[in-house]
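2 protein chains.
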Amino acid sequence: MVDDRKLAVLRAIVEDYVSTNEPVGSKALTERHNLGVSPATIRNDMAVLEEQGYIAQPHTSAGRVPTDKGYRLFVDRLSQVKPLSAAERRAIESFLAGAVDIDDVVTRTVRLLAQLTRQVAVVQYPTMSNSTVRHVELVPLSERRLMFVLITNTGRVEQRVVELADLVDENRVAHLRAVLNASLDGCGLTSVPDKVADLPGRLPPEDRPLATAILSVLLESLVERRDEKIVFAGAANLAGADFTVGLREVLEALEEQVVLMRLLGETSDRSAVTVRIGSENPYTGLKGTSIVAAGYGSGDKQLARLGVLGPTRMDYPVTMGAVRAVARYVSQILAAS
Amino acid sequence: MVDDRKLAVLRAIVEDYVSTNEPVGSKALTERHNLGVSPATIRNDMAVLEEQGYIAQPHTSAGRVPTDKGYRLFVDRLSQVKPLSAAERRAIESFLAGAVDIDDVVTRTVRLLAQLTRQVAVVQYPTMSNSTVRHVELVPLSERRLMFVLITNTGRVEQRVVELADLVDENRVAHLRAVLNASLDGCGLTSVPDKVADLPGRLPPEDRPLATAILSVLLESLVERRDEKIVFAGAANLAGADFTVGLREVLEALEEQVVLMRLLGETSDRSAVTVRIGSENPYTGLKGTSIVAAGYGSGDKQLARLGVLGPTRMDYPVTMGAVRAVARYVSQILAAS
DNA sequence: CTTGGCACTCGGGAACACAGAGTGCCAAGC
DNA sequence: GCTTGGCACTCTGTGTTCCCGAGTGCCAAG
């Protein structure tokens, strides 16, 4: 009984604070939510909640504000993800369906998410680690230059130019292409290095220089994994929100691939929406912000993550609903293509 | 004589205001620049300059601030582009040299420019309009799916998946690939539609369905020209600068491809640095900002543009120097690859 | 355990005064 | 005719003071 009401109070505080952006006091609470008790009672509860670290007051004699710990409790136990409206679902679907290639899918997704949540959206490109080789192509460009193209099952294309010591011999190239495709087709990207390690040895000696040149470029392109690239959109939404911490830090973090990666990155259960609140996140520059993220991917494998970043004071149920929905739709799109 | 000194005064005002960010008064001017005349004289000159619209005072009795017209005069007649230091040049060169493909070139360029100028950098992807076909590739993906890849002389790669009504026939695909390459190789992208218009008619009837399916995708990819894509970096640099206009507008504009395109886009002489100051630019949301841009491209053709966007109150000589230098280096890199 | 009453605290806004920077103008000097 | 020093005037920005109101904590009564 007692505890129940305290939780109700906490929930009310979070909801009011999120919607008004002002510290909420005991009187306002009893007026806006019918809790059936008087302000004085609320005050007692609030005193306890404060002692337990769920709420805080900015100054003596001002309303209360949820702490990170308070938001955490709210997210974990006091709220449920709010599904999108039918109209929103249709909009998502039709917007994403128009995508023409993987770049386009990512670009559209990030914009969509930003617009939907009115916050900064972050989308990680589908990781290669989990994908497999669909095709390898070798294209002669000029006498001593070859373009090497790797296509994965997610539709991602990596291309590199290979500089050769000798003139290109069409037949050798064709042969090597066949060999490469035969040994790599369907193979996971992570196991490619193993597969090709002894390949030059199995070829006739005159093919080896060509093969080693190509393989070194191939391996390099895998190592770089630049495709763990992250894009963001909706920075304009930061302008309205007043961050406790300067928004310079936030913008800086957004342009640091590495930081973003770590924010979204540490994966969890497939398809579950994870929330990281304020000081819970690993980067000190983002103390005042929360990250709501989810994994997406085609089939049963999680390929990458996406999410949004906003002030700690955000509408978690709605945001989580949007993130979850978009993650699902993107997964569908990817699986279909 | 008279006019000369007025110009010197204007230059001094611009320089001081840019460096201090405070309206500059007559007394401060005589102290910091040895103009050889007294504050009272300066005041007379300033009154004239104000009447002519080159400077303005924010409030009665405060220093003067350059107007857009004043900056314009400064840029056109009173300043010269400041070359970069040798160290900066080396840094640019080595940073760009590490680029591995066209995406990488663009990404590195935009970051470099942002860091160099401490402003928002904007880079347009090399336009297809000016580029030529280097190679067309057709890759069977599955029974009824084909990947179509177009490689241009700038190293840009467009890929699309083609859905087919019939099963893929390897021989037909090979034949069509040969035909396509024969007729398109080296052909400008803008003339591709003409070249392929009658192509199905010249093929044996059994090849036509395949050919038309592929061609429709090819044409579509050309029409979309999404590659007139624009990326930006350095948004964090906006946080420090205090814009007269809200920075929300600026961030919004940055995410609108179309707006950015128009800002950089209207081309001018190759390799000249163009400056658009405050209200001169076509987009009302960006009244308080200036754009310094230049074209870049390999060889003698201008492929695209790059530049930076910052507050009207910027150090034009330095910024112009940086933009010019980066444009040149990128052109070199592109020409070499 | 809840509730009304009450004294206390403190932030934020309004009113006000003041110093300082800067201007415009005028009359004198070169 | 341009330049210069002097002088009165006009503002903005800042610091001070004061007061109101929202909100709290505590206490004693129900």
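Here the protein sequences come in this chain order: Z and C. For the first sequence, position 242 matches number 243 in the numbering used here, and the numbering has no gaps at all. For the second sequence, position 247 matches number 248 in the numbering used here, and the numbering has no gaps at all. For every residue, glycine included, the Cβ atom is placed at its ideal position computed from N, Cα and C. As the structure is a computational prediction, the values presented were derived from the model and not from experiment.
Test item: CB-CB of residue i and residue j under 8 angstroms
i: L50 of chain Z; j: V10 of chain Z; result: yes
i: A305 of chain Z; j: T118 of chain Z; result: no
i: I215 of chain Z; j: L177 of chain Z; result: yes
i: E159 of chain Z; j: L165 of chain Z; result: no
i: S222 of chain Z; j: R161 of chain Z; result: yes
i: V163 of chain Z; j: V111 of chain Z; result: no
i: T275 of chain Z; j: S291 of chain Z; result: no
i: A237 of chain Z; j: E253 of chain C; result: yes
i: A328 of chain Z; j: L307 of chain Z; result: yes
i: G298 of chain Z; j: S332 of chain Z; result: yes
i: G64 of chain C; j: E94 of chain C; result: no
i: V121 of chain C; j: G247 of chain C; result: no
i: F96 of chain C; j: L114 of chain C; result: no
i: A212 of chain Z; j: L220 of chain Z; result: no
i: L190 of chain Z; j: I231 of chain Z; result: no
i: E257 of chain Z; j: Q125 of chain Z; result: no
i: R173 of chain C; j: D208 of chain C; result: yes
i: R1 of chain Z; j: S62 of chain Z; result: In the structure as shown, chain Z begins at 2 and stops at 338. Residue 1 of chain Z is therefore absent and cannot be evaluated.
i: R157 of chain Z; j: S184 of chain Z; result: no
i: V25 of chain Z; j: Y72 of chain Z; result: no
i: D46 of chain Z; j: R78 of chain Z; result: no
i: L335 of chain Z; j: V19 of chain Z; result: no
Bounding residues of the alpha helix (DSSP H) (the contiguous stretch that carries residue i)
i: F96 of chain Z; result: A87 to A98
i: G202 of chain Z; result: L200 to R203
i: Q125 of chain C; result: Per DSSP, Q125 of chain C belongs to no alpha helix (DSSP H); it is in the beta strand (DSSP E), V121 to Q125.
i: Q258 of chain C; result: Q258 to G266
i: T110 of chain Z; result: I103 to T118
i: P40 of chain Z; result: P40 to E52
i: A179 of chain Z; result: E171 to L185
i: V15 of chain Z; result: V3 to T21
i: L139 of chain Z; result: No alpha helix (DSSP H) contains L139 of chain Z, which is instead part of the beta strand (DSSP E) from V134 to S143.
i: A29 of chain Z; result: S27 to R33
i: A240 of chain Z; result: A237 to G241
Beta-bridge pairing of residue i - partner residues as DSSP gives them
i: F75 of chain C; result: Looking at the DSSP assignment, F75 of chain C forms no beta bridge with any residue, so it has no partner.
i: I231 of chain C; result: C:Q125
i: Q58 of chain C; result: Paired residue(s): none; Q58 of chain C is not in a bridge.
i: V66 of chain C; result: C:A57
i: R161 of chain C; result: C:F149
i: G189 of chain Z; result: Z:T133
Range covered by the beta strand (DSSP E) that runs through residue i
i: Y317 of chain Z; result: Not the beta strand (DSSP E): Y317 of chain Z falls in the alpha helix (DSSP H), residues Y317 to A337.
i: I152 of chain Z; result: R146 to T153
i: R277 of chain Z; result: V274 to R277
i: Y297 of chain C; result: T290 to Y297
i: G311 of chain Z; result: A305 to P312
Taking one C-beta from the segment 81 to 101 of chain C and one from the segment 279 to 287 of chain C each time, how about it: are there three or more such pairs within less than 8 angstroms?
no
At least three beta-carbon pairs within less than 8 angstroms, the segment 32 to 49 of chain C to the segment 319 to 333 of chain Z
no
| message | Between the segment 137 to 157 of chain Z and the segment 133 to 145 of chain C, can you find at least three pairs of beta-carbon atoms closer than 8 angstroms? | response | yes
* Could you say if the segment 66 to 74 of chain Z and the segment 184 to 195 of chain Z meet the contact criterion of at least three C-beta pairs nearer than 8 angstroms? => no
Margin query: Beta carbons nearer than 7 angstroms to chain C: which residues of the segment 127 to 151 of chain Z have them?
Written below: R135, H136, E138, V140, L142, M148 and V150
request  = Using a Cβ-Cβ cut-off of less than 7 angstroms, give me the residues of the segment 243 to 266 of chain Z that come near chain C, in sequence order.
outcome  = G247, L248, R249, L252, E253 and E256
Residues of the segment 160 to 177 of chain Z in Cβ contact with chain C at a cutoff of 8 angstroms, in chain order, please. Q160, R161 and V162
Which of the residues in the segment 197 to 219 of chain Z, read from start to end, lie with their CB under 9 angstroms from any CB of chain C? none
Touching or not, the segment 82 to 101 of chain C and the segment 43 to 62 of chain C, by the rule of three or more beta carbon pairs under 8 angstroms?
-> no
How do the segment 24 to 34 of chain C and the segment 227 to 241 of chain C stand: do at least 3 beta-carbon pairs fall below 8 angstroms, yes or no? no
message = Using a Cβ-Cβ cutoff of 8 angstroms, what residues of the segment 229 to 243 of chain C are near chain Z? List them in chain order.
response = A234, G235, A236, A237, L239, A240 and G241
message = To be precise: take each residue of the segment 12 to 37 of chain C, compare its Cβ to all Cβ atoms of chain Z, and keep it if any distance is under 9 angstroms. Which residues remain?
response = none
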